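J.: Before anything else, here's the structure in question.
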Ligand code: 5CA
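In this note's numbering, the protein residues as written are -9 to 426.
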């Protein structure tokens, strides 16, 4: 992609309404634009990252055996009356009337709708034991939307729902999601800590929040520092086998949100306890028959006796993750994208557009990257070198190929890591190899 053909409306000044780094940087890097409180347009650069995150979430859900579908954003009030949540949900629910005066709403979550779909389709125990998910926009009329995409009113969520015949299999579904969440966040370069949590309006009696440690997090958290050493990506995982042991390895170490932490009864010594702030990037729930009972999601068992389905729901804040990743990975110059979610992997900076050597070398880099199918952004603007370097640092592509007039004469480029700032002169081919 060439920058002159692209659309990245960067801002020179930090907008005064943005209080935390991720919000400031997303606005400055031209990734999002607010259209109303807590509602954002996703500009091309932000949209690319959103899609990358969504794809990692999708791959890990699919690997864990969840099945993707898509439910609408607008739901009928009737099903929420069936579950008993229509009135209880209060002002956070955006309620809409259609032209026939039918009560509708913009979905804040989908337990009711999926339960209706599943109960209407599945009548036999043979067809239970499924996890379904979708990645869809939600609306919650939050009292205080803030911190950009971190607490929006409209936001993108991945929500999965499991339907099982008994507690044991429901617990296995819960474990599958638990483990897949650890993998999902790790692939984005994040360390997410599962913590026992309160269940709130979703309900149930077993629940974990997945929390990223960051100074600007909304809640205070306490954890055993040994949790910070753990790495799930090195564990071989078979989702069809018993996952209890893996889950236990993570949950046996102390971790609690401030709601659940009691300093007087903390089970670990003070020098092993880390106190931090955290961002909730996922939340999983087991709630048994809370929805299936009132909504009659019942199947015929093997002996003809009816079985009320055991359910759980599992959410990931896909759009919130952009903010969380930036909070965890930035410096004074801008964003530092991990390779796995970067909008482009490498930026080409032509420091002297119009100089024959620079243009030739930059074009050579571009064609080689294209041939190697490596996503690049070529800053081909007629701009000062300083402005190009600053903008590229701001938008935070993990690698930079800098083409300057002195090096270009001999066919060399500078290869720079955004993370370490280290620059190395090398021939074009070598830089492409590094990225391969
Ligand atoms: N139905 C359940 C699980 S599917 C549910 O809705 N859970 S939730 O309320 O905890 O939301 C799931 C995730 O969505 C949260 O962990 C959080 O990462 C994200 N989220 C929730 N509210 C917002 C919001 N206002 N803005 C951005 N992300 C949000």
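We put the CB at the ideal spot given by N, CA and C, even for glycine. Model, not experiment: these values are computed from the prediction.
Assuming residue 290 and residue 284 form a contact by the criterion Cβ under 8 Å, report the distance between their Cβ atoms to the nearest whole angstrom.
T.: Not confirmed; about 19 Å, so no contact.
J.: Buried or exposed: where does residue 408 fall if 16 or more other Cβ atoms within 10 Å of its Cβ makes it buried?
T.: Per the 10 Å Cβ criterion, buried.
J.: On the DSSP bridge list, what partners appear for residue 273?
T.: Paired residues: 199, 305.
J.: Around the Cβ of residue -3, are there at least 16 other Cβ atoms within 10 angstroms (buried) or fewer (exposed)?
T.: Exposed.
J.: Around the C-beta of residue 140, are 16 or more other C-beta atoms found within 10 angstroms, so that it is buried, or is it exposed?
T.: When all chains shown are included, residue 140 counts as buried.
J.: To test your reading of the DSSP string, which unbroken alpha helix (DSSP H) runs of 4 or more residues are found completely within the stretch 125 to 204?
T.: Correct list: 157 to 177.
J.: So, do the stretch 348 to 356 and the stretch 316 to 325 have three or more beta carbon pairs nearer to each other than 8 Å?
T.: The answer is no - the stretch 316 to 325 does not touch the stretch 348 to 356, with fewer than three Cβ pairs under 8 Å.
J.: On the DSSP bridge assignment, give the partners of residue 404 in chain order.
T.: According to DSSP, which records beta bridges pairwise, residue 404 is partnered with 392, 415.
J.: CA-CA distance, residue 294 and residue 112?
T.: Those two C-alpha atoms are separated by around 14 Å.
J.: Could you give the distance in angstroms between the alpha-carbon of residue 424 and the alpha-carbon of residue 169?
T.: Going by the C-alpha atoms only, they are around 32 Å apart.
J.: As a quick exercise: from 18, 97, 171, pick the residue whose alpha carbon is nearest that of residue 306.
T.: Of the listed residues, the one whose Cα sits closest to residue 306 is 171.
J.: When DSSP builds the beta bridges, which residues end up paired with residue 245?
T.: In DSSP, residue 245 forms a bridge with 213.
J.: Determine the direct distance from the alpha carbon of residue 88 to that of residue 245, and round the result to whole angstroms.
T.: Rounded to the nearest angstrom, the two C-alpha atoms are 46 Å apart.
J.: Quick check: residue 203 and residue 242, are their CB atoms within less than 7 Å of each other?
T.: Not closer than 7 Å, so no.
J.: Any heavy atom of the ligand 5CA within a distance shorter than 6 Å of the CB on residue 99?
T.: Because some heavy atom of the ligand 5CA lies under 6 Å away, the Cβ of residue 99 counts as near it: yes.
J.: For the beta strand (DSSP E) containing residue 369, name the first residue and the last one.
T.: Looking at the DSSP string, the run of the beta strand (DSSP E) that includes residue 369 is 366 to 369.
J.: Select from 33, 359, 389, 406 the residue whose C-alpha is nearest the C-alpha of residue 19.
T.: The option with the nearest alpha carbon to residue 19 is 33.
J.: Exposed or buried, residue 272, counting other C-beta atoms within 10 Å across all chains shown (16 or more means buried)?
T.: With 16 or more other Cβ atoms within 10 Å, it is buried.
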